[in-house]
Structure formats: structure tokens, C-alpha cells
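Read through the structure below, which is laid out as C-alpha cells, and then see the notes.
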Amino acid sequence: MPAQADARTPLLSDSQGLPTSFASGQVQDHPIFLRVCHSPWTWMSQGGLVYTRAFILLYLTALAPMLVDYKLTKREDLENPWCILFKFSTLTFFLLWIYHLVAFAWSFTHLYYPDIDENDGRWESKILWKMSPPVQTMHSRKRFYFSVFYTAVHVFAFMNVIIYWAVSVPNGHGHFPKGEGEGESVFSAAEDFWSNGWFEPFCLINLWGVTALIAFIEVLILNSIKRQVPVPSHISIITFLLSSYLGWAAFGQLLTEQAAFFWMDPKEVEYTEVITGCCAGFVAFGSVVFAFLYGLIGMRETLTAKDNGQKPNFNAMQEEFQRAMGQPSQGAQ
1 MPAQADARTP LLSDSQGLPT SFASGQVQDH PIFLRVCHSP WTWMSQGGLV
51 YTRAFILLYL TALAPMLVDY KLTKREDLEN PWCILFKFST LTFFLLWIYH
101 LVAFAWSFTH LYYPDIDEND GRWESKILWK MSPPVQTMHS RKRFYFSVFY
151 TAVHVFAFMN VIIYWAVSVP NGHGHFPKGE GEGESVFSAA EDFWSNGWFE
201 PFCLINLWGV TALIAFIEVL ILNSIKRQVP VPSHISIITF LLSSYLGWAA
251 FGQLLTEQAA FFWMDPKEVE YTEVITGCCA GFVAFGSVVF AFLYGLIGMR
301 ETLTAKDNGQ KPNFNAMQEE FQRAMGQPSQ GAQ
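Take the sequence shown: its position 304, counting from 1, is numbered 304 in the working numbering, and each next residue is one higher.
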């Protein structure tokens with residue numbers, strides 16, 4: 001990024017002479033690490049981005065002990081305290097916090113300390129160097145590894161919320177705060193939602209609502225990361241990670257005698273075949289959410305192209321998608 005660039009100048013602005021979002025033949029044309037540090041929207045300044053990231057990080061950090069207390073003392077389904085280590089919501093929140101810690105550190109140093117001498121022996125310089133975005137070389141695999149991490153964080157965040165509200169709650173496993181009534185229906189639970197104070201509803205809404213909202217804002221507004229390349233590799237790794245989580249959850253179930261999901265519990269689901277089918281559906285659902293994330297990024301690219309006064313080149317978008325899928329583009333045929 002040129003040293004004289006204004007703090008409000010977006011990363012993909014033509015005034016900086018950088019490739020645009022829809023430049024033909026460009027795939028991840030700017031380092032992915034710097035795309036974390038730049039919003040594609042002209043109304044979002046660099047300083048505003050850093051302050052927003054600081055707020056999100058502080059909010060998640062302050063929220064963490066509250067959620068631990070909620071899971072340990074307020075959840076009626078808790079039989080063994082160690083079981084929270086194997087919950088999908090716990091993993092999702094931890095990954096989201098790690099991502100925003102990294103994103104804030106990179107955005108802060110990129111704006112305020114862009115030229116750090118890595119040979120400077122002072123401890124301040126060493127810390128700032130560690131906090132800075134990595135250097136992306138031509139043959140480095142760091143870009144791909146971070147792209148997978150970014151994808152996993154946001155796919156897991158969306159999955160966590162969708163599964164809770166679409167599967168757990170309708171089947172009576174939402175564990176809503178209960179009032180004096182003994183009703184177990186969704187409607188009675190909704191009526192009693194705020195009956196026992198603010199703490200339980202606040203934690204529930206944050207764990208299975210705000211996390212997805214933060215992920216949505218991150219993808220749509222706070223970064224300019226382009227769509228994943230290559231798509232098959234990302235889908236395969238997401239599938240592997242979700243399968244690995246099920247193995248981790250099964251280990252936790254063996255250790256704590258408590259299932260991570262009700263559909264993994266033989267006490268709740270009578271037939272092993274149903275449990276197997278639910279696990280397969282959980283893994284397959286990851287690809288569906290990945291497609292949603294991919295489309296969300298594409299929508300943002302289209303909207304920001306209009307915001308920057310550019311006309312989206314849909315032929316270039318189609319060629320980029322074909323390259324991402326490992327297919328030859330029409331121009332190469």
C-alpha cells in the first residue's frame with residue numbers, strides 16, 4: 001500500500017493503482033493478510049475499522065467468562081463440567097475470538113506501525129513485528145492456510161446458530177430459561193424467556209445469535225477477502241474438520257457420559273442408524289453453509305464494486321469461479 005494513501009482510501013480503489021475486485025485474470029490479487037486490514041467500503045475509514053475490531057474483540061473477551069458461568073451454573077443439561085470443552089458452541093466461540101484477536105492485531109499494526117524493522121532488537125519492535133500481517137511470498141502456503149482458517153471460523157459460526165434454532169430448539173433442547181409454568185412447548189418457553197432476569201437470555205442470545213451476526217458483519221463489511229480458491233480444497237478440509245469434531249465429541253461423550261448434541265445421545269435417539277445419519281447430515285451441512293458463505297462474499301464484491309463506481313464484470317466472475325473449481329475458463333479453451 002503506498003505510504004501516501006489516505007486513511008479513508010479503500011484497499012481496492014483505482015486511485016491507488018491496485019487491482020479491482022473484478023479484474024479479469026486476478027485471483028486473490030492482493031495478500032489475503034492485508035485484505036483483513038481493509039474494508040472494501042468507501043465509508044469505512046481505516047481508523048474506524050480498527051476501532052470496530054477493538055470493540056468486537058473487547059466484547060467477545062468480556063463475554064467469555066459470562067458464557068462459561070452460564071454453561072457451568074445455569075444449564076439444566078449439565079451433568080459433567082468437562083463436557084463444555086466438547087460442545088460445538090464452545091469451539092465456535094473460541095475460534096471466533098482467536099480470529100478477531102488476530103484481525104485486530106493485524107489491522108492495528110498495519111495502520112499505525114506499517115514499517116517495522118524486523119532486525120530491531122527492542123522488545124517493543126519484536127512484539128509489534130509478531131502482531132503485524134505476515135509477508136506473503138509467491139510460493140507461500142500461508143495464504144491458503146489462513147483462507148481455510150477464515151472459512152472454518154465463519155462456517156462454524158453460521159452452523160452453530162442454524163443448528164440450534166432449526167434443530168435443537170424445535171425438538172425441545174434449546175434449554176430456554178423457564179418460569180413458574182411447567183410447559184415444554186416452544187411457545188411456553190418463549191413466554192418464559194425473560195422471566196428469570198436478563199443473564200440467561202443474554203448469554204443464550206449471544207452464544208446462538210450475536211456470534212453469527214458478528215460473522216455476518218465481518219464477511220460483509222469489515223474485510224475485503226475474496227472468494228475461496230480453490231473451492232474443492234476448502235470444501236474437503238471443512239468436511240475433514242467437521243468429521244474430526246465429531247470424533248472429538250464422541251471422545252468427550254465417552255469421557256463425560258454426556259453427548260455434545262442430543263442427536264448423538266443413544267438415550268435420546270433409539271437407533272444407531274439414525275445417529276449415523278444425523279452425523280452424516282451434520283458434516284454435509286458444512287458444504288451447504290460454505291456455499292452460503294461463498295455467495296455472501298460474492299454479493300459483497302458486487303455491492304462494493306458499485307460503491308466504488310465500478311461495473312461488475314460477470315464474465316470475469318464466471319472465469320474466476322471456474323478457476324476456483326479447477327476448471328479451464330472459456331478463454332483458455
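Quick reminder that beta carbons are idealized off the backbone N, C-alpha and C, glycines included. In this text the structure is predicted, and so the values were computed from the model without any measurement.
Below 8 Å CB to CB, which residues in the same chain sit around residue i once its five sequence neighbours on both sides are set aside?
{"i": "Gly209", "result": "Val161"}
{"i": "His234", "result": "Ser147, Val148, Thr151, Gln228 and Phe290"}
{"i": "Leu72", "result": "Leu78, Pro81 and Ile84"}
{"i": "Phe292", "result": "Phe158"}
{"i": "Leu128", "result": "Thr109, Tyr113 and Ile116"}
Go ahead and label residue i buried or exposed: buried means 16 or more other beta carbons lie within 10 angstroms of its beta carbon, across all protein chains shown.
{"i": "Ala212", "result": "buried"}
{"i": "Ala157", "result": "buried"}
{"i": "Val50", "result": "buried"}
{"i": "Arg122", "result": "exposed"}
{"i": "Tyr145", "result": "exposed"}
{"i": "Gly286", "result": "buried"}
{"i": "Glu218", "result": "buried"}
{"i": "Val36", "result": "buried"}
{"i": "Pro40", "result": "buried"}
{"i": "Gln272", "result": "For clarity, residue 272 is Thr in the given sequence; the question names Gln instead. So Thr272 counts as exposed."}
{"i": "Val102", "result": "buried"}
{"i": "Trp198", "result": "exposed"}
{"i": "Asp14", "result": "Legend: pLDDT at Asp14 = 41, less than 50; position of this residue unreliable, value from coordinates given subsequently. Exposed, because fewer than 16 other Cβ atoms sit within 10 Å of the Cβ of Asp14."}
{"i": "Arg141", "result": "exposed"}
{"i": "Ala64", "result": "exposed"}
{"i": "Lys87", "result": "buried"}
{"i": "Leu204", "result": "buried"}
Can you list, in chain order, the residues of its chain whose CB lies under 6 Å from that of residue i, leaving out five sequence neighbours each side?
{"i": "Phe282", "result": "none"}
{"i": "Leu220", "result": "Arg300"}
{"i": "Asn80", "result": "Thr256 and Gln258"}
{"i": "Trp263", "result": "Val269 and Cys278"}
{"i": "Met159", "result": "Val289"}
{"i": "Trp106", "result": "Val36, Cys37 and Pro133"}
Using a Cβ-Cβ cut-off of 7 Å (strictly less than) and excluding sequence neighbours within five positions of residue i, which residues of its own chain qualify?
{"i": "Thr90", "result": "Ile84"}
{"i": "Ile56", "result": "His100 and Ile214"}
{"i": "Leu58", "result": "none"}
{"i": "Asp77", "result": "His175"}
{"i": "Ser125", "result": "Ile116 and Asp117"}
{"i": "Trp43", "result": "none"}
From what residue to what residue does the alpha helix (DSSP H) around residue i run?
{"i": "His218", "result": "Sequence check: residue 218 is Glu here, not His. Unbroken run through Glu218: none, as it is neither H nor E."}
{"i": "Glu124", "result": "Trp123 to Met131"}
{"i": "Ser244", "result": "Val231 to Thr256"}
{"i": "Met46", "result": "Looking at the sequence provided, one finds Gln at residue 46 rather than Met. Note, Gln46: alpha helix (DSSP H), Gln46 to Thr73."}
{"i": "Arg143", "result": "Lys142 to Ile163"}
{"i": "Cys203", "result": "Phe199 to Ile205"}
{"i": "Tyr271", "result": "Run containing Tyr271: none; DSSP gives neither H nor E here."}
{"i": "His110", "result": "Phe88 to Tyr112"}
{"i": "Phe33", "result": "Ile32 to Val36"}
At a cut-off of 7 Å, is residue i close to the ligand ATP when judged by its beta-carbon and the heavy atoms of the ligand?
{"i": "Tyr145", "result": "The ligand ATP is not part of this structure, which contains no ligands at all."}
(request) For the region 283-296 and the region 98-113, state whether three or more C-beta atom pairs, one from each stretch, are separated by less than 8 Å. (result) no
* **Contact the region 230-243 vs the region 149-156: 3+ CB pairs below 8 Å** => yes
key: Three CB pairs or more closer than 8 Å across the region 51-71 and the region 130-143   = no
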